[in-house]
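I have placed the structure first, in the form of structure tokens, so that the comments after it can refer back to it.
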Amino acid sequence: MLHKYWQYLLVSTFVITITKVAVVNAQTYDSFSPKIETIETVEAVTSVSQLSDVQSTDWAFHALQSLIKRYGCMKGYPDGTFEGNRVLNRHEFAATLSACIETANQMIDKNRQNFATQEELDTLRRLQDEFAKELIELPPRLATLEKRLEKVSAQPAFSTHSQLLGKVILGVSAVGGNDVDENIIFSHRTELNIDTSFQGKDRLRVRLTGRNTPRFSRVTDTDMSNLSFAGDNDNNVEINQISYKFRPIKQLQVFIAADGGSLTSFTNALNAPINSGDIGNISKFSDESAIYELGGNVGAGMEYRFSDAVRLSLGYMAGGRPNDPKQGIGGGAYGAIAQLTLQPTETLSLGVTYVRAYNTIDTRKGSDFANEPFEDAATSANAYGVQTSWRLSKDLTLSGWVGLIDATAESEPYKGSKASILTWAATLAINDLGGDGNMLGLVFGQPPSSISNDVAARQDPDTALHFEAFYRYRLTDNLFITPGFFVVFNPEHNAGNDPIYVGTLRKTFFF
Numbered sequence: 004m005l006h007k008y009w010q011y012l013l014v015s016t017f018v019i020t021i022t023k024v025a026v027v028n029a030q031t032y033d034s035f036s037p038k039i040e041t042i043e044t045v046e047a048v049t050s051v052s053q054l055s056d057v058q059s060t061d062w063a064f065h066a067l068q069s070l071i072k073r074y075g076c077m078k079g080y081p082d083g084t085f086e087g088n089r090v091l092n093r094h095e096f097a098a099t100l101s102a103c104i105e106t107a108n109q110m111i112d113k114n115r116q117n118f119a120t121q122e123e124l125d126t127l128r129r130l131q132d133e134f135a136k137e138l139i140e141l142p143p144r145l146a147t148l149e150k151r152l153e154k155v156s157a158q159p160a161f162s163t164h165s166q167l168l169g170k171v172i173l174g175v176s177a178v179g180g181n182d183v184d185e186n187i188i189f190s191h192r193t194e195l196n197i198d199t200s201f202q203g204k205d206r207l208r209v210r211l212t213g214r215n216t217p218r219f220s221r222v223t224d225t226d227m228s229n230l231s232f233a234g235d236n237d238n239n240v241e242i243n244q245i246s247y248k249f250r251p252i253k254q255l256q257v258f259i260a261a262d263g264g265s266l267t268s269f270t271n272a273l274n275a276p277i278n279s280g281d282i283g284n285i286s287k288f289s290d291e292s293a294i295y296e297l298g299g300n301v302g303a304g305m306e307y308r309f310s311d312a313v314r315l316s317l318g319y320m321a322g323g324r325p326n327d328p329k330q331g332i333g334g335g336a337y338g339a340i341a342q343l344t345l346q347p348t349e350t351l352s353l354g355v356t357y358v359r360a361y362n363t364i365d366t367r368k369g370s371d372f373a374n375e376p377f378e379d380a381a382t383s384a385n386a387y388g389v390q391t392s393w394r395l396s397k398d399l400t401l402s403g404w405v406g407l408i409d410a411t412a413e414s415e416p417y418k419g420s421k422a423s424i425l426t427w428a429a430t431l432a433i434n435d436l437g438g439d440g441n442m443l444g445l446v447f448g449q450p451p452s453s454i455s456n457d458v459a460a461r462q463d464p465d466t467a468l469h470f471e472a473f474y475r476y477r478l479t480d481n482l483f484i485t486p487g488f489f490v491v492f493n494p495e496h497n498a499g500n501d502p503i504y505v506g507t508l509r510k511t512f513f514f
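Heads up, the sequence shown is in the numbering used here, so the first residue is 4 and it goes up one at a time.
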């Protein structure tokens, strides 16, 4: 009979409703703060007296204490408190009581004989009467908690945030040669990127730039002498890039530029780790193959990964004034690219590139005849390139490229005339030479040259060669010093011109 009465007590309607309540949850019915790591570290507490937020002066405390000792039905945090913003102690107590009833019920199901005493039954009845109101209120409180849990779970794990990334390049540089006025300059380039992410896998970039590094072509009369970090806006702060990149699916990355975009923003030029005008190469020529200069500014591109070994890049960049209603993004200069990048092994990469361009033949890296094969005539071009990078060892990388530009005059006085421009280079990077993060870089190649031209007067007579060496020294993760120099033999592809020597001591700060 005693056993039947116990079972009747436990299956009453309100007890069944609340038996799923655990005491650890009791603290959060009114104020919930998700704390998964705390819940996972819950440990059993054998005595109510170990819980500092439970009063020990009430008779109910002693009654429940004996039940807890008998059934081991209460849990708390390791420091013996509920913590957090707590609800009323009576509600906490009611939740504890319901948990003990559930535990006792489970134990009786396993061991039905002589488990509960009449005294324990009387105690439970009195406790239920004393906390009847709180026990009835537990289900709606639990429902409220579940709704809050659902709301928290539905919230995105990532919140929008912006990051400021600064960079300052200070350079002491000089250019020399028999036909050049030799002077030493001290200049800078300062950039501040404002990067914002909305999903964790995207980036909106706004770049502010101020700089005063002149192009040495002003005194040498050739673009072959320009530094990698050259550019002068009289120290005025201006926006020189607004771009957004994102991944709609795992294999696809999309790049969109409203200003300051380039074909290499979404295409791998395969010249790492040499090609960094910040802490790598010191000449403009050695950035990457000149065919990547045939488009830039405003447009979009994408890179799709078929696998780890095969990638396809496609894109279109408009130059000139694409925001002018009279021109738009399709009525002026443009460059469209397609590149298939193969990585047959972890150490070898190969890129095959095609670029279709209009009125953007000036790569700012070659001779005057290569940059403007038909003077001011409108010009279209088909460019073909092969790039490769081979990591010979952990610290040794050999890279190179060959690029050919077939140009056609589209307006008078040379309409229909054709020209071919050739460029190539080989680069060697020796990483961690003399310390972690240091690098010795060597570059040897030919700047763009007009090797054939129907306009015979604008064909380069000879071949210019470029040799470059630099050493990057890492002081900290945010501070690098790079001394370097390069020599251009037969500038403007003319053996009658004396060599040009350019040297720089560049200091780069990241913050």
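The beta-carbon is built from N, C-alpha and C at its ideal position, and this holds for glycine as well.
### Three-state class that DSSP yields for Thr20 in the structure shown
Counting from one through the sequence shown, the residue named residue 20 turns up at place 17. Note that Thr20 scores a pLDDT of 36, beneath 50, so its modelled location is shaky and nothing firm can be said.
### Query
Which one of Lys397, Tyr337, Phe372 and Ile139 has the shortest CA to CA distance from Ala384?
Walking along the sequence shown from the start, residue 384 turns up at place 381. The option with the nearest alpha carbon to Ala384 is Tyr337.
### Message
With distance defined between alpha-carbon atoms, name the residue in Asn493, Ala432 and Gly438 nearest to Ser279.
### Response
The residue you call residue 279 lines up with position 276 of the sequence shown. It is Ala432.
### Message
Using a Cβ distance threshold of 8 Å, determine whether the segment 368-381 contacts the segment 299-307, with at least three qualifying pairs required.
### Response
In this structure the segment 368-381 does not lie against the segment 299-307, because fewer than three pairs of beta carbons, one per stretch, are closer than 8 Å.
### Task
Would you mind working out which of Pro451, Arg208, Leu468 and Thr485 sits nearest Asp281, comparing C-alpha positions?
The residue you call residue 281 lines up with position 278 of the sequence shown. Comparing Cα-Cα distances from Asp281 to each of Pro451, Arg208, Leu468 and Thr485, the minimum goes to Thr485.
### Query
Of the residues Leu351, Pro347, Ser228 and Gly298, which one's Cα is nearest the Cα of Pro325?
If you number the sequence shown from 1, residue 325 lands on position 322. Minimum Cα distance to Pro325 is reached at Gly298.
### Message
What does the Cβ neighbour count give for Ser3, buried or exposed, with the cut at 16 atoms within 10 Å?
### Response
This structure cannot speak to residue 3, because the chain is shown only from 4 to 514.
### Query
Of all the beta strand (DSSP E) runs that stay within the bounds of the segment 412-472, which reach a length of 3 or more residues?
Scanning the segment 412-472 from its first residue to its last, the whole beta strand (DSSP E) runs of 3-plus residues come out as 421-434 and 442-456.
### Query
Is it true that the CB of Thr426 sits closer than 8 Å to the CB of Pro450?
Here residue 450 is taken as the residue at index 447 of the sequence shown, counted from 1. Here residue 426 is taken as the residue at index 423 of the sequence shown, counted from 1. Going by C-beta atoms, Pro450 is nearer than 8 Å to Thr426.
### Query
Does the separation of the CB atoms of Ile3 and Arg210 fall below 8 Å?
Since the first and last residues shown for the chain are 4 and 514, residue 3 lies out of range.
### Query
Bridge partners of Tyr476, per DSSP?
The residue given as residue 476 occupies position 473 in the sequence shown. Paired residue(s): Ile484.
### Task
Using a threshold of 8 Å, state whether the C-beta atoms of Ile277 and Val446 are closer than that.
Taking the sequence shown and counting its residues from 1, the one referred to as residue 277 is at position 274. Taking the sequence shown and counting its residues from 1, the one referred to as residue 446 is at position 443. Contact flag set, yes.
### Classification of Ser286 by the beta-carbon crowding that lies within 10 angstroms, buried from 16 upward
On the sequence shown, position 283 is the one that residue 286 refers to. Buried.
### Task
Could I get the ranges of all uninterrupted beta strand (DSSP E) runs contained in the segment 310-350, with 3 residues as the minimum, in chain order?
313-321 and 337-348
#### Entry: Sequence-distant residues of its chain with Cβ nearer than 7 Å to Ala381 (five each side left out)
Counting from one through the sequence shown, the residue named residue 381 turns up at place 378. The answer, listed in chain order, is Asn362, Glu413 and Ser414.
### Message
My output table needs one value for Gln109: the three-state DSSP class, helix, strand or coil.
### Response
Residue numbering aside, residue 109 sits at position 106 when the sequence shown is read from its first letter. Correct three-state label for Gln109: helix.
### Message
For the beta strand (DSSP E) containing Ser176, name the first residue and the last one.
### Response
The residue labelled residue 176 in the question sits at position 173 within the sequence shown. Its beta strand (DSSP E) spans residues His164 to Gly179.
### As assigned by DSSP and simplified to three states, the class of Lys136
If you number the sequence shown from 1, residue 136 lands on position 133. Helix, per DSSP.
### Message
Which of the three DSSP states is assigned to Phe512 in this structure?
### Response
By 1-based counting over the sequence shown, the position of residue 512 is 509. Correct three-state label for Phe512: strand.
### Arg206 beta carbon less than 8 Å from that of Lys518
Any answer about residue 518 is impossible in this case: the structure gives the chain only from 4 up to 514.
### Query
Would you call Asp463 buried or exposed, if buried means 16 or more other Cβ atoms sit within 10 Å of its Cβ?
Position 460 of the sequence shown, counted from the first residue, corresponds to residue 463. Burial check for Asp463: the Cβ neighbour count within 10 Å reaches 16 or more, so the residue is buried.
### Task
Would you decide whether Asp290 is buried or exposed? Buried here means 16 or more other CB atoms lie within 10 Å of its CB.
The sequence position of residue 290 within the sequence shown is 287, counting from 1. Answer is buried; the Cβ neighbour count reaches 16.
### Task
Specify the secondary structure class of Gln256 as computed by DSSP and reduced to three states.
For the purposes of this step, residue 256 is identified with residue 253 of the sequence shown, where counting begins at 1. Strand at Gln256.
### Query
Short check: CB of Gly322 to CB of Gly335, under 8 Å?
Here residue 322 refers to the residue found at position 319 of the sequence shown. Here residue 335 refers to the residue found at position 332 of the sequence shown. Yes, the pair counts as a contact, with Cβ atoms nearer than the cut-off.
### Message
Going by C-alpha to C-alpha distance, which of Ser101, His164, Ala146 and Gln109 sits closest to Phe134?
### Response
If you number the sequence shown from 1, residue 134 lands on position 131. It is Ser101.
### Query
In three-state terms, what does DSSP make of Ala360?
Here the question's residue 360 lines up with position 357 in the sequence shown. If DSSP states are grouped into helix, strand and coil, Ala360 belongs with the strands.
#### Entry: Straight-line gap, Ser420 to Ile364 (C-alpha atoms, nearest Å)
Taking the sequence shown and counting its residues from 1, the one referred to as residue 420 is at position 417. Taking the sequence shown and counting its residues from 1, the one referred to as residue 364 is at position 361. So the alpha carbons of these two residues sit roughly 14 Å apart.
### Start and end residues, alpha helix (DSSP H) containing Asp371
The count along the sequence shown starts at 1 and reaches residue 371 at position 368. That run of the alpha helix (DSSP H) goes Asp371 to Asn374.
### Query
Where does Ile340 land, buried or exposed, given buried means 16+ other C-beta within 10 angstroms?
Here residue 340 corresponds to residue number 337 of the sequence shown, with the count starting at 1. When all chains shown are included, Ile340 counts as buried.
### Query
What number of angstroms, rounded off, separates the C-alpha of Glu137 from the C-alpha of Thr99?
Counted from its first residue, the sequence shown places residue 137 at position 134. Counted from its first residue, the sequence shown places residue 99 at position 96. Taking the Cα positions, Glu137 is about 11 Å away from Thr99.
### Task
Quick one: which unbroken alpha helix (DSSP H) runs of 4-plus residues sit fully inside the segment 205-288? Chain order, please.
220-223
### Query
How would you write the range of the beta strand (DSSP E) that Ile188 sits in, first residue to last?
For the purposes of this step, residue 188 is identified with residue 185 of the sequence shown, where counting begins at 1. Here the beta strand (DSSP E) through Ile188 covers Asn186 to Ser200.
### Message
Is the beta carbon of Gln244 closer than 8 Å to that of Gly213?
### Response
Within the sequence shown, numbered from 1, the residue matching residue 213 stands at position 210. Within the sequence shown, numbered from 1, the residue matching residue 244 stands at position 241. No, the pair does not count as a contact, with Cβ atoms beyond the cut-off.
### Query
Measuring CA to CA, which of Ser453, Ser200 and Leu399 is closest to Leu407?
Taking the first residue of the sequence shown as position 1, residue 407 is located at position 404. When only C-alpha atoms are compared, the closest one is Ser453.
### Task
Determine the extent of the beta strand (DSSP E) in which Asn385 is found, giving its start and end residues.
Here residue 385 refers to the residue found at position 382 when the sequence shown is read from its first residue. Taken as a continuous stretch (DSSP letters only), the beta strand (DSSP E) holding Asn385 covers Thr382 to Ser396.
### Message
Using the Cβ count rule (16 or more neighbours within 10 Å means buried), how would you classify Ala233?
### Response
Taking the sequence shown and counting its residues from 1, one reaches residue 233 at position 230. Looking at its Cβ environment, which holds 16 or more other Cβ atoms inside 10 Å, Ala233 is buried.
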